[in-house]
Amino acid sequence: MVVAADPSVLRGVPEFFENEVAESLAARTESLATFRELGPPDLCHIIKTNPKTQVKDIGSYHYVLGTDASSSATLAAYLNSLTYSMGSVGGKPNTWKIRSGTYCCYNAFSRVDVRVEVRIPGGVDAYAIDVRGDRHSIDNAAMWQETHVSAVLRAILDDNDEADGNDGEPILGLRKFDALPTLAAEKRFLEAASGEFWKGWQLGTDPEVQNATFWSNHLTNGVSDYFKEAGRTGEGAKFFQPLYEKDAEVGAVLARSYLDTDEEIHAVEVLHKALKRHPTSHGLLLVQTDFLRKKKKLDMALKLAKLGVTYAPTEFAPWHKLTEVYIDMGDFQSALLSLNACPMFSYCEKDAHRMPAPARTHLPLKPDPSTLKANEDPKNAPVGNGTIYDENDPREDEIHPELKRLSYLSLRGTFSKAYSLLVRIASNVGWDELLRHRSEVFVMEEEYRIHRALQEEQDKTTDLERTEGGGQAADSPSVNHENGTKEKDHAQDEIESDGQMEAVDLENEAGPEGEPAKPTEAAEKPVVPEGDKKKRLSIDELMRKAGGDSHNESTKNDSPGVVPNPRGPRRSVSFGFKNKRLCEKWLDNQFLILYQDIRLYSLLKQEMAQFKNQTGNALIYRKTGAEWEVYGDLALRLEHPDDAKEAYKLCLSQKFSIKSWLRLLDMYAEEGNITETLKAVAKLVAVLDRAFVETTYPGPIARNLFKLIGKHGLAKVQNALISMNLPQQEYRLITRYFEYAELFSVVGSKW
61 MVVAADPSVL
71 RGVPEFFENE
81 VAESLAARTE
91 SLATFRELGP
101 PDLCHIIKTN
111 PKTQVKDIGS
121 YHYVLGTDAS
131 SSATLAAYLN
141 SLTYSMGSVG
151 GKPNTWKIRS
161 GTYCCYNAFS
171 RVDVRVEVRI
181 PGGVDAYAID
191 VRGDRHSIDN
201 AAMWQETHVS
211 AVLRAILDDN
221 DEADGNDGEP
231 ILGLRKFDAL
241 PTLAAEKRFL
251 EAASGEFWKG
261 WQLGTDPEVQ
271 NATFWSNHLT
281 NGVSDYFKEA
291 GRTGEGAKFF
301 QPLYEKDAEV
311 GAVLARSYLD
321 TDEEIHAVEV
331 LHKALKRHPT
341 SHGLLLVQTD
351 FLRKKKKLDM
361 ALKLAKLGVT
371 YAPTEFAPWH
381 KLTEVYIDMG
391 DFQSALLSLN
401 ACPMFSYCEK
411 DAHRMPAPAR
421 THLPLKPDPS
431 TLKANEDPKN
441 APVGNGTIYD
451 ENDPREDEIH
461 PELKRLSYLS
471 LRGTFSKAYS
481 LLVRIASNVG
491 WDELLRHRSE
501 VFVMEEEYRI
511 HRALQEEQDK
521 TTDLERTEGG
531 GQAADSPSVN
541 HENGTKEKDH
551 AQDEIESDGQ
561 MEAVDLENEA
571 GPEGEPAKPT
581 EAAEKPVVPE
591 GDKKKRLSID
601 ELMRKAGGDS
611 HNESTKNDSP
621 GVVPNPRGPR
631 RSVSFGFKNK
641 RLCEKWLDNQ
651 FLILYQDIRL
661 YSLLKQEMAQ
671 FKNQTGNALI
681 YRKTGAEWEV
691 YGDLALRLEH
701 PDDAKEAYKL
711 CLSQKFSIKS
721 WLRLLDMYAE
731 EGNITETLKA
741 VAKLVAVLDR
751 AFVETTYPGP
761 IARNLFKLIG
771 KHGLAKVQNA
781 LISMNLPQQE
791 YRLITRYFEY
801 AELFSVVGSK
811 W
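Offset between the sequence shown (1-based) and this note's numbering: plus 60.
Structure below.
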């Protein structure tokens with residue numbers, strides 16, 4: 061760690077100092093081949109020199125998100141702006157100067173690292189580095205357009221669950237700027253994004269989606285999230301409308317934008333026309349399913365959800381949606397079956413590269429205003445080095461080993477989504493009832509053991525009878541062998557047919573406009589060959605088939621002239637086996653995780669009740685701040701928001717936690733509580749200002765403030781802020797969000 065008075069550091073800019081000059085650039089070059097999607101944050105590397113010291117050159121770097129990367133001039137301007145951060149020392153000129161700098165911005169479309177090198181004083185050189193480390197000149201505007209779009213999408217899609225925009229461990233040394241600070245910048249980006257839209261699938265998509273499409277990729281998702289979090293989905297619809305005219309599948313995101321704007325008629329028209337052009341698009345069906353769920357038309361939503369599974373059986377989203385519909389309908393056994401059928405994907409971490417361990421680190425931190433003297437100006441106070449968390453009591457960061465080993469913490473992507481569905485079922489029926497439903501649809505271990513023992517005993521009895529039969533049994537083996545072979549082949553064909561999905565025939569289930577289906581005569585039904593029957597399985601039949609179920613079907617010999625199997629009905633002792641299926645290992649593991657979570661939550665509730673009854677002995681209720689934060693997360697994912705809120709408050713009473721403040725901020729904003737929301741915002745903006753974070757949007761603070769403005773109007777929220785009599789500095793920091801809301805016409809900003 062460096063001291064705050066070190067003249068070689070940049071004021072207000074985090075830095076990692078290298079052991080060898082340019083080693084960070086070499087590490088990034090080596091990692092280029094590992095980048096799969098949008099790439100890591102931009103890297104800014106600078107070389108400083110001081111002619112009055114023995115060590116003339118030192119290298120340092122930091123990460124950046126939100127810089128304008130539309131041209132070499134804009135990136136060079138950022139590098140030049142760093143020269144103003146080399147402030148004077150003790151009123152004397154600083155002898156350290158920036159000699160050169162290199163800005164690295166990953167182009168996710170062309171899979172190259174665009175770099176701008178600036179020599180001070182001197183010229184500017186722009187070039188691209190490919191995955192092999194070869195250098196290429198940039199001689200076309202298309203490369204800069206791709207780079208610009210990539211940079212903005214990285215800033216927009218950066219996880220906003222933590223204050224610095226990263227879920228989990230924060231990225232140290234990261235500077236974030238508003239990617240689109242003006243209407244002109246927004247217009248320029250949307251024009252560039254429209255030009256690159258049809259290549260957006262190359263960027264990848266959410267971890268819950270297996271194959272990127274035009275309506276589900278990082279470009280489409282980034283633009284949608286940008287407008288949705290600000291309550292400007294109408295502007296998003298304007299962006300997608302001309303693109304929808306070229307490809308009907310874009311109607312999925314266009315219709316969702318209209319629904320979020322409460323323009324349901326336009327949304328229904330888009331879905332109607334788009335499904336005529338692409339009737340097999342599961343994206344369009346998912347949007348229509350959500351619309352019907354909102355309207356409480358669950359029977360119709362179920363049919364469409366099944367159809368979505370038919371057209372995209374290998375995607376997670378249709379099965380996820382089908383499970384949600386079953387939960388809404390209260391059909392929890394079918395929900396467990398569809399959840400068990402969800403295809404699960406391995407989670408891929410965000411693109412990142414490993415850097416060599418830095419020689420020293422500079423993380424600038426303004427002093428706490430409460431610690432300043434009465435006549436001391438905060439602007440002139442010396443800047444420290446560290447993070448906000450360094451000010452906590454180390455004992456408050458200790459966590460019980462059992463809480464550290466919570467299995468849920470390892471769930472990512474589809475596994476985390478599936479766990480949320482399992483929690484929803486448990487919240488509706490309770491743990492005991494969940495286990496009952498589980499035993500009725502899945503084969504349990506004890507049940508399988510008993511079945512296996514009885515079956516083996518029955519086989520022994522059959523063999524004994526066959527042996528005692530003498531010559532009569534001697535004539536049958538060849539016939540039985542032939543029949544057994546046919547039986548085996550028939551079972552194999554039946555198993556293979558399970559993987560073949562068939563569209564749900566909506567015409568036989570409901571007429572147009574949701575009218576009841578008209579009964580059809582048996583004579584009108586076409587005769588389907590036996591070979592086709594195997595392939596035409598409904599979703600319900602597919603869900604019922606499992607764990608030997610197809611074998612049961614194959615053993616039925618109703619055709620005349622077929623010699624019965626002499627071994628007898630081997631599966632007659634089934635105890636409901638034919639109506640059950642094997643539980644996938646991942647889902648079985650999630651039942652154990654849910655049990656672990658519920659057990660810990662129950663112990664916590666019991667301990668809280670004991671404390672409230674024995675307030676004189678507070679020691680039995682003693683937990684660290686970090687442990688209360690873990691319990692808050694536990695209660696929140698088990699859908700107990702009141703207990704989660706209490707746990708987060710207890711955490712903040714013992715330590716500072718940005719995560720706890722953000723969780724409370726989400727809850728208060730969702731409730732529409734103006735006073736508590738503004739208190740949380742005031743606390744967060746003050747802390748972020750100390751860490752030199754200046755971003756406005758996108759981010760969790762802006763998202764929740766705009767949600768509040770959309771409910772109550774900007775004028776009411778502004779008046780509530782004025783009545784709080786906050787310190788002038790905090791008041792100014794909050795008003796910049798109001799200025800953004802007025803500039804970009806956020807919903808509620810006009811009243």
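Even glycine gets a Cβ: it sits at the ideal position worked out from N, Cα and C.
Rounded Cβ spacing between residue i and residue j (contact assumed at less than 8 Å)
i      : j      : result
Ala762 : Tyr791 : With a Cβ gap of about 17 Å, Ala762 and Tyr791 do not count as contacting.
Glu289 : Pro758 : 6 Å
Ala297 : Ser317 : 4 Å
Ala478 : Cys402 : 6 Å
His422 : Pro74  : 6 Å
Glu305 : Phe274 : Glu305 to Phe274, Cβ: 13 Å. No contact.
Ala365 : Val385 : 5 Å
Exposure of residue i, with buried meaning 16 or more beta-carbon neighbours within 10 Å
i      : result
Tyr449 : exposed
Gly193 : exposed
Phe76  : buried
Ala740 : buried
Val503 : buried
Glu409 : exposed
Val69  : buried
Asp523 : exposed
His342 : buried
Asp117 : exposed
Ala93  : exposed
Ala201 : exposed
Pro424 : buried
Ile107 : buried
Between the CA atoms of residue j and residue i - distance to the nearest angstrom
i      : j      : result
Ala707 : Leu786 : 26 Å
Asn140 : Ser254 : 31 Å
Ala252 : Ile180 : 31 Å
Leu243 : Leu803 : 8 Å
Glu699 : Val483 : 8 Å
Glu324 : Glu799 : 30 Å
Asn271 : Phe405 : 11 Å
Ala775 : Gly291 : 17 Å
Ser132 : Glu90  : 23 Å
Leu279 : Phe287 : 13 Å
Arg650 : Leu664 : Checking the displayed sequence, the identity of residue 650 turns out to be Gln instead of Arg. The alpha-carbon atoms of Gln650 and Leu664 are separated by roughly 21 Å.
Thr143 : Ser805 : 36 Å
Ser130 : Gly692 : 43 Å
Phe351 : Phe300 : 19 Å
Ser430 : Thr113 : 38 Å
Asn154 : Gly147 : 7 Å
Thr370 : Trp379 : 10 Å
Leu494 : Val777 : 44 Å
Other residues of its chain near residue i: CB distance less than 7 Å, five sequence neighbours each side excluded
i      : result
Tyr407 : Pro267, Arg472, Gly473
Asp703 : Ala695
Val690 : Ile459, Leu463
Trp491 : Ile658
Glu411 : A quick correction: the sequence has Asp, not Glu, at residue 411. Excluding positions up to five away in sequence, the list reads Phe95, Arg96, Glu97, Leu98, Gly99, Pro100.
Pro416 : Asn79, Glu83, Ala87
DSSP beta-bridge partners of residue i
i      : result
Thr421 : Phe76
Arg235 : Val124
Cys165 : Val174
Lys108 : Ile118, Ile158
Ile189 : Asp173, Arg195
Val184 : Val178
Asn445 : Pro424
Leu103 : Tyr123, Cys164
Phe502 : Arg641
Contacting residues, own chain, Cβ-Cβ under 6 Å from residue i (five flanking each side not counted)
i      : result
His105 : Ser84, Leu85, Tyr121, Thr162
Met389 : Leu358
Ala188 : Val172, Val174, His196, Ile198
Ala334 : Ala308, Gly311, Leu344
Ala729 : Thr737, Asn764, Lys767, Leu768
Nonlocal neighbours in the same chain, by C-beta distance under 8 Å from residue i, ignoring five residues either side
i      : result
Val633 : Unreliable positioning characterises Val633 in this predicted model, as indicated by a pLDDT of 35, which lies under 50. A coordinate reading is not provided.
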